[in-house]
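**Student:** For what it's worth, full-length UniProt numbering labels the leading residue of the sequence shown as 1, then goes sequentially. Cβ coordinates follow ideal geometry from the N, Cα and C atoms, glycine included. Submitted below is the structure of interest, expressed as structure tokens.
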Amino acid sequence: MGDILDRRNTYSIFELENGVPTFAYELDKAVEDGYLVDYRTIEIKSKIMEDGIHYDDLSEEEKEEFEKTFEDDETIDDSIANTAINEWLFNANTIDMVLDQIMEKGLRVEGGDQLGKTIVFAKSSRHAQAIVERFNKRYPECGSHFIKQIDYSINYVDSLIDDFSTKDKFPQIAVSVDMLDTGIDIPEVLNLVFFKKVRSKSKFWQMIGRGTRLCKDLLGVGMDKEQFLIFDFCNNFDFFRANPKGLKGEIGVSLTEKLFHVKLDIVRELQHLKYQEEEDYIRYRDDLLRDLLGAVRDLNEESFRVKLKQRYVEIYKNKDAWQSLGATSVAEIKEHIAPLIPPLQDDELAKRFDLLIYTLDLVYLQQKNATKPIRSIVQTAEALSKLGTIPQVMEKKYIIEKVQTDEFWQQADVLELEEVRLALRELIKFIEKGKQKIYYTDFKDQIIETRESRAIYNTNNLKDYKKKVEHYLKEHKDELAIYKLRYNKPLTRFDLQTLERILWEELGNRLEYGKEFGDTPVSKLVRRMVGLDRIAANEAFSAFLKEEKLNATQIRFVKLIVDYIVANGMIEDNRIFMEEPFRSLGSFTTLFKDNMNDAKEIMNIVSTINSNCEIVI
């Protein structure tokens, strides 16, 4: 009894939900002690949610639908990334597939006649609405009362939550956007459906907590709830197995904090010796440092929040503490100081443009892939170009046009970017924010992997080196060295050293690497794991295919080569041409017996793709 009272007091003191396990190790103990129920997972991957939608992969009928749907949208090319799915593109067949899995495999009550109470965690209100609409079309026999959308956009949402929380009332399925993720105690819940990505450790475990409650006689008299089931369609459990502490990103961080963080990181990067010989760089760092230090010195020391962090405030009010920032200092400032900084009275759009430019500064300084921020800045300049009748925009005509040229980006540095920031930040408010058009499609999706697993608990003990490597590469595809391997670009020695540091120091050591991957070169291993981007693979063969010397079967054979390289990164053994799906088209030599020069060229292209992951320039 004393242990139970102590546990309750702990929850009360720290204002935690009573009985909700704070993290995995406590859930493990609570299940063992009989306070909560255990769970298992069904982890499912679909082709579209993993790979997106690619025109070349569609049937002829679907290609017509694709062309008709997107013909007026110049922002969409032949490929739609998986990040668009359930963000602005809702694919009926994908949603149907998820619903079918729930209805077929979900835990049931009433002797198996009724699906148990189920929470579907959706990405947005629009996503939730699409799920409800598809369910009502696919399972009309259940009635519209069976499934309901529960989020802040619903007027009578409190009444719906009360009904869902009542054992013998409908709805049986609640499609939630944030409202049921935390804080709701519904012991009858038997199924949880992760239909959105979660990367916050606390949020992840709170969501799992929705199903952990004991429930007496749920399955019948004397048949208590013994477990619950989690469907994961978004790789969440894979992610937390490899990243037990969650994403080290800035989920929930304010715009002011983000600006403070990125300025701090730039100041630290500019400490490097190579930036101490140019006065302009020294002046730029001093300006940023003046902003940061001034923000700390301007904190209201009478504020309760500031008093709690007084020790850190006193340290970092002193300019000497900023002279040479180490990793520990940066971490302390971000954790204890940055959240205290009050927002500046400035236009939000201007501040967001500041963040964009500062982010690109940092990307340049850290030698990472700058494609995304550059594209955003160019798009901003293009939007401003259309507003030439506004005098303030006309005044900055030279810079607006310069930013849109390749020549500018070939030689741009952080100092020139600062000029761009100062020139354009006050103009952003004139741009009408275009809304992303929403699309509803019905392209055929398919399940490519299903795995049933036991609960994860103390994930901090993760020892699967291979899993850590796989998930690091999946989550960091845009880091420069990995990006180059995905896009068929040769590596520099610095790129190779970066990859070796990540695999041999950050994720494990050389002994672990050797045990798992033998003597495989690091760059070759990474290429195998991340594959080759489809655009890069098509581009590698594009000049050859444009000669139009191939017949239909030969073209299909080459497309199969592209598919294989996209999936596997390279072709290491030519014997795969004797296996399916190649074999059904005929042997390589038979297909190209009258085109031996073409055959040699195909193999040269394959060889170049292979060698690009090992050549160091």
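Could you name the residues of the same chain whose beta carbon sits closer than 7 Å to that of Val562, not counting the 5 residues immediately before and after it, in chain order?
**Tutor:** Looking up residue 562 in the sequence shown gives position 562. Taken in chain order, the residues that qualify are Ala537, Asn538, Phe541.
**Student:** Would you identify the three-state DSSP class for Asn91, choosing helix, strand or coil?
**Tutor:** Within the sequence shown, numbered from 1, the residue matching residue 91 stands at position 91. In the structure shown, Asn91 sits in a strand (DSSP, three-state: E or B).
**Student:** Once DSSP output is grouped into helix, strand and coil, what is the label at residue 619?
**Tutor:** Nothing about residue 619 can be reported from this structure: the residues present for the chain run from 1 to 617 only.
**Student:** In angstroms with no decimal places, state the Cα-to-Cα distance between Glu335 and Arg199.
**Tutor:** Residue mapping note: residue 335 aligns to position 335 of the sequence shown, counting from 1. Residue mapping note: residue 199 aligns to position 199 of the sequence shown, counting from 1. Computed Cα separation, rounded: 19 Å.
**Student:** Quick one: what's Arg451 bridged to in DSSP?
**Tutor:** Counted from its first residue, the sequence shown places residue 451 at position 451. BP columns for Arg451 point to Glu43.
**Student:** Output the distance between the C-alpha atoms of Ile399 and Val262, rounded to the nearest integer angstrom.
**Tutor:** Locating residue 399 in the sequence shown gives position 399, where the first residue counts as 1. Locating residue 262 in the sequence shown gives position 262, where the first residue counts as 1. Computed Cα separation, rounded: 24 Å.
**Student:** Which runs of the alpha helix (DSSP H) fall wholly inside the segment 461-526 and span at least 4 residues, in chain order?
**Tutor:** 465-475, 480-486, 493-501, 510-517
**Student:** Answer yes if the segment 336-346 comes into contact with the segment 374-387, meaning at least three C-beta pairs across the two stretches below 8 Å, and no otherwise.
**Tutor:** no
**Student:** Name, in chain order, the residues that DSSP records as bridge partners for Thr166.
**Tutor:** Position 166 of the sequence shown, counted from the start, is the residue given in the question as residue 166. BP columns for Thr166 are empty, so no partner.
**Student:** State whether the segment 364-372 contacts the segment 424-433, with contact taken as three or more CB pairs (one from each stretch) at a distance under 8 Å.
**Tutor:** no
**Student:** Check His145 in the structure and name its three-state DSSP category.
**Tutor:** In the sequence shown, counting from the first residue as 1, residue 145 sits at position 145. If DSSP states are grouped into helix, strand and coil, His145 belongs with coil.
**Student:** In chain order, what residues of the same chain lie with their CB nearer than 7 Å to the CB of Val526, ignoring the 5 residues before and after it?
**Tutor:** Position 526 of the sequence shown, counted from the start, is the residue given in the question as residue 526. Excluding the 5 residues flanking it on each side, Val526 has same chain C-beta neighbours closer than 7 Å at Leu473, Ile482, Leu485, Leu499, in chain order.
**Student:** For the beta strand (DSSP E) that contains Phe66, what are its first and last residues?
**Tutor:** On the sequence shown, residue 66 is found 66 positions in, with the first residue counted as 1. Unbroken run through Phe66 is the alpha helix (DSSP H), 60-70; no beta strand (DSSP E).
**Student:** Can you find the residues in the same chain that come closer than 6 Å, C-beta to C-beta, to Asp478, ignoring five residues on each side of it along the sequence?
**Tutor:** On the sequence shown, position 478 is the one that residue 478 refers to. Cβ neighbours of Asp478 beyond the five flanking positions: Asn369.
**Student:** Note down, in chain order, each residue of its chain lying with its Cβ closer than 7 Å to the Cβ of Phe170, except the 5 sequence neighbours on either side.
**Tutor:** The count along the sequence shown starts at 1 and reaches residue 170 at position 170. Same-chain partners within the cutoff: His145, Phe146, Asp163.
**Student:** What residue from Lys600, Ser584, Pro187, Arg528 has the CA that sits closest to Ala567's CA?
**Tutor:** Translated into positions along the sequence shown, residue 567 becomes position 567. Checked all of Lys600, Ser584, Pro187, Arg528; the closest Cα to Ala567 is Arg528.
**Student:** Compare the C-alpha of Leu36 against each of Leu190, Thr83, Ser176, Glu43 and name the closest.
**Tutor:** For the purposes of this step, residue 36 is taken as the residue at position 36 of the sequence shown. Measuring from the Cα of Leu36, the nearest candidate turns out to be Leu190.
**Student:** Counting pairs of Cβ atoms below 8 Å between the segment 216-236 and the segment 255-270, do you hit three or more?
**Tutor:** Fewer than three Cβ pairs drawn from the segment 216-236 and the segment 255-270 lie within less than 8 Å of each other, which leaves the two stretches out of contact.
**Student:** Going by DSSP, which residues form a beta bridge with Ser79?
**Tutor:** As a working note, residue 79 is residue 79 in the sequence shown. Ser79 pairs with His54.
**Student:** Which value, in whole angstroms, describes the spacing of the CA atoms of Leu180 and Asp151?
**Tutor:** Counting from 1 along the sequence shown, the entry for residue 180 is found at position 180. Counting from 1 along the sequence shown, the entry for residue 151 is found at position 151. The straight-line gap from Cα to Cα measures roughly 8 Å.
**Student:** Grouping DSSP H, G and I as helix and E and B as strand, with all else coil, what is Thr380?
**Tutor:** Position 380 of the sequence shown, counting from 1, holds the residue named residue 380. Correct three-state label for Thr380: helix.
**Student:** What did DSSP end up calling Lys402 once you bin it into helix, strand or coil?
**Tutor:** Walking along the sequence shown from the start, residue 402 turns up at place 402. Helix at Lys402.
**Student:** Three or more C-beta pairs closer than 8 Å, one from the segment 76-85 and one from the segment 40-51: is that the case here?
**Tutor:** yes
**Student:** Arg268 and Leu325: beta carbons closer than 8 Å?
**Tutor:** Within the sequence shown, numbered from 1, the residue matching residue 268 stands at position 268. Within the sequence shown, numbered from 1, the residue matching residue 325 stands at position 325. Contact flag set, yes.
**Student:** Determine, using beta carbons only, whether Phe194 and Ile456 come nearer to each other than 8 Å.
**Tutor:** In the sequence shown, counting from the first residue as 1, residue 194 sits at position 194. In the sequence shown, counting from the first residue as 1, residue 456 sits at position 456. No, these two residues do not count as a Cβ contact at 8 Å.
**Student:** To which residues of the same chain is Lys559 closer than 8 Å at the C-beta, ignoring the five residues directly before and after it?
**Tutor:** Working through the sequence shown from its first residue, we reach residue 559 at position 559. If we look at Lys559 and ignore the five residues flanking it on each side, its Cβ neighbours are Asp56.
**Student:** Does DSSP classify Tyr564 as helix, strand or coil?
**Tutor:** Reading the sequence shown from its first residue, position 564 is the one you call residue 564. Correct three-state label for Tyr564: helix.
**Student:** Classify Pro373 as buried or exposed, calling it buried when 16 or more other Cβ atoms lie within 10 Å of its own Cβ.
**Tutor:** Sequence index remark: in the sequence shown, residue 373 carries index 373 (1-based). Under this definition Pro373 is a buried residue.
**Student:** Under DSSP, the beta strand (DSSP E) around Ala174 begins and ends at which residues?
**Tutor:** Position 174 of the sequence shown holds residue 174. Its beta strand (DSSP E) spans residues 173-176.
**Student:** Using the Cα positions of Glu32 and Arg210, report the straight-line distance between them to the nearest angstrom.
**Tutor:** Within the sequence shown, residue 32 is the residue found at index 32, counting from 1. Within the sequence shown, residue 210 is the residue found at index 210, counting from 1. In a straight line, the C-alpha of Glu32 is about 18 Å away from that of Arg210.
**Student:** Can you have a look at Thr212 and say buried or exposed, based on whether 16 or more other CB atoms are within 10 angstroms of its CB?
**Tutor:** Position 212 of the sequence shown, counted from the start, is the residue given in the question as residue 212. Buried: at least 16 other Cβ atoms inside 10 Å.
**Student:** Could you please give me the residues that DSSP links to Phe228 through a beta bridge?
**Tutor:** As a position in the sequence shown, residue 228 is number 228, starting the count at 1. For Phe228, which the question treats as bridged, DSSP gives the partners Tyr39.
**Student:** Let me check understanding here. Comparing Cα to Cα, which of Asp224, Ile230, Trp409, Lys467 lies closest to Ser453?
**Tutor:** Looking up residue 453 in the sequence shown gives position 453. Nearest to Ser453 by alpha-carbon distance, out of Asp224, Ile230, Trp409, Lys467, is Ile230.
**Student:** So, with DSSP's three-state summary, where would you put Ser12?
**Tutor:** In the sequence shown, counting from the first residue as 1, residue 12 sits at position 12. Caution applies to Ser12, whose pLDDT of 37 falls short of 50 and renders its modelled position unreliable; the value that the coordinates give is listed next. Collapsing the DSSP output to three states places Ser12 in a helix.
**Student:** Are the CB atoms of Ile186 and Tyr39 within a distance shorter than 8 Å?
**Tutor:** Here residue 39 is taken as the residue at index 39 of the sequence shown, counted from 1. Here residue 186 is taken as the residue at index 186 of the sequence shown, counted from 1. Contact flag unset, no.
**Student:** CB Gln114 to CB Gln129, shorter than 8 Å?
**Tutor:** Locating residue 114 in the sequence shown gives position 114, counting from the first residue. Locating residue 129 in the sequence shown gives position 129, counting from the first residue. The beta carbons of Gln114 and Gln129 sit no closer together than 8 Å.
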